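*Asks:*
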Amino acid sequence: MNVHVLVPAAGSGRRVGTTLKKQYLDLGGRPVLVQTLSRLATVPQITAIHVIVPADEIAYCREELIEGYRLDKIGLVIAGGVERQDSVRNGLDVCGALSGDVILVHDAVRPFFPVVQIGPLIQRASVEGAAVLAIPVQDTIKEVFDGRVRATLDRQLLWQVQTPQAFRFDRLREAYRRTEAAGFTGTDDASLVEWCGWPVAVLAGHAHNFKLTTPADLALARGLVATGEEILT
Numbered sequence: 157m158n159v160h161v162l163v164p165a166a167g168s169g170r171r172v173g174t175t176l177k178k179q180y181l182d183l184g185g186r187p188v189l190v191q192t193l194s195r196l197a198t199v200p201q202i203t204a205i206h207v208i209v210p211a212d213e214i215a216y217c218r219e220e221l222i223e224g225y226r227l228d229k230i231g232l233v234i235a236g237g238v239e240r241q242d243s244v245r246n247g248l249d250v251c252g253a254l255s256g257d258v259i260l261v262h263d264a265v266r267p268f269f270p271v272v273q274i275g276p277l278i279q280r281a282s283v284e285g286a287a288v289l290a291i292p293v294q295d296t297i298k299e300v301f302d303g304r305v306r307a308t309l310d311r312q313l314l315w316q317v318q319t320p321q322a323f324r325f326d327r328l329r330e331a332y333r334r335t336e337a338a339g340f341t342g343t344d345d346a347s348l349v350e351w352c353g354w355p356v357a358v359l360a361g362h363a364h365n366f367k368l369t370t371p372a373d374l375a376l377a378r379g380l381v382a383t384g385e386e387i388l389t
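In my numbering, the protein residues as written are 157 to 389.
Structure below.
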């Protein structure tokens, strides 16, 4: 069994408040994307890491980042699509995985995923077909409609899902085929598997495994690197 990682990296820096795309922002002296790819390369079970970027950034990603930082385990640099779901589909089409292999899909701007959980995540996906990392919601969550609270949700049932998300290749490929035919767009890859009626296992994630979306996220990430706390994950 081989393990392929697809890393969609086509996000903008709009919500972070920069003109430079957030995956290329500096984090501890290296671009965020380089931090993420370097961390993935340390996972012994991973066979190949495929990066998905806009077509006009392929040369930059390959020459300046992958070769410039001598990154290990990098396979293909793939042209992305209009939406994230299109980009992952492109990756599935060309990554070279076989039916019994496992696919991890990981956000380019989550550099602090818990390495210790990736082995168990892969194993669970190989058995059950799909598995995700998640942490329990801590805040009270309310359903709001038209500016008024409609319901207070039971937070014991609510989990904040992270990446990597892991799937048997044949399961995820079929989920993409079915949802594309039906015109369904999910908010993450696991939601496509759920739409097909198939189970998704949940393993414990980590609070440090947040997505860099806002200026506050970037400041927190830089603080974790500066203090060495990111190694705790």
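Note that the Cβ used here is the ideal one computed from N, Cα and C, for glycine as well.
The structure displayed is predicted, hence computed values, not measured ones.
#1: Identify which residue in LEU248, GLN201, GLN179, GLY252 has its Cα closest to the Cα of TYR216.
#2: Quick check: what's the CA-CA separation for VAL390 versus PRO164?
#3: So ILE205 is in the beta strand (DSSP E); what residue range does that whole segment cover?
#4: To which residues of the same chain is VAL305 closer than 6 Å at the C-beta, ignoring the five residues directly before and after it?
#5: Looking only at DSSP bridge pairs, what is VAL161 linked to?
#6: Can you give the Cα-Cα distance for LYS392 and VAL199, rounded to whole angstroms?
#7: By Cβ distance, which residues of its chain are closer than 7 Å to VAL293, with the 5 residues on each side in sequence left out?
#8: Kindly confirm or deny that the region 372–388 and the region 275–289 touch, where touching means at least three C-beta pairs closer than 8 Å.
#9: DSSP state of PRO200, grouped into three classes?
#10: Does the structure place the region 341–348 close enough to the region 271–283 that three or more beta carbon pairs sit under 8 Å?
#11: Is the distance from the Cβ of VAL188 to the Cβ of TYR225 below 7 Å?
#12: Helix, strand or coil for ARG324 per DSSP?
#13: Alpha carbon to alpha carbon, how far is MET157 from GLY256?
#14: Just list the beta strand (DSSP E) runs in the region 296–359, keeping only unbroken ones of 3 residues or longer that don't cross its boundaries, in chain order.
#15: Going by DSSP in three states, VAL271 sits in which element: helix, strand or coil?
#16: Between ASP302 and LYS177, what straight-line distance do the alpha-carbon atoms span, to the nearest angstrom?
#17: Tell me the DSSP secondary structure of GLY184 in three-state form.
#18: Do ASP242 and LYS367 come within 7 Å of each other at the CB atom, strictly closer than that value?
#19: By the DSSP assignment, the alpha helix (DSSP H) with ALA382 in it spans what residues?
#20: Whose CA, out of LEU196, LEU193, PRO267, ASP212, lies closest to the CA of ALA363?
#21: CB HIS206 to CB LEU232, shorter than 7 Å?
#22: Alpha carbons only, please: which of LEU181, VAL159, HIS160 is nearest the one belonging to THR369?
#23: For chain C, is any of its Cβ atoms less than 7 Å away from the one on GLY237?
*Replies:* To lay it out plainly:
#1: GLN179
#2: It is not possible to answer for residue 390, since the shown part of the chain is limited to 157 through 389.
#3: 204–209
#4: LYS298
#5: ILE205, LEU260
#6: Because the chain spans 157 through 389 in this model, residue 392 falls outside it and cannot be assessed.
#7: ARG311, LEU314, TRP315, GLN316
#8: no
#9: coil
#10: no
#11: no
#12: strand
#13: 6 Å
#14: 298–301, 304–308, 315–324
#15: helix
#16: 34 Å
#17: coil
#18: no
#19: 371–383
#20: PRO267
#21: yes
#22: LEU181
#23: Chain labels in this structure do not include chain C; a single protein chain is all it has.
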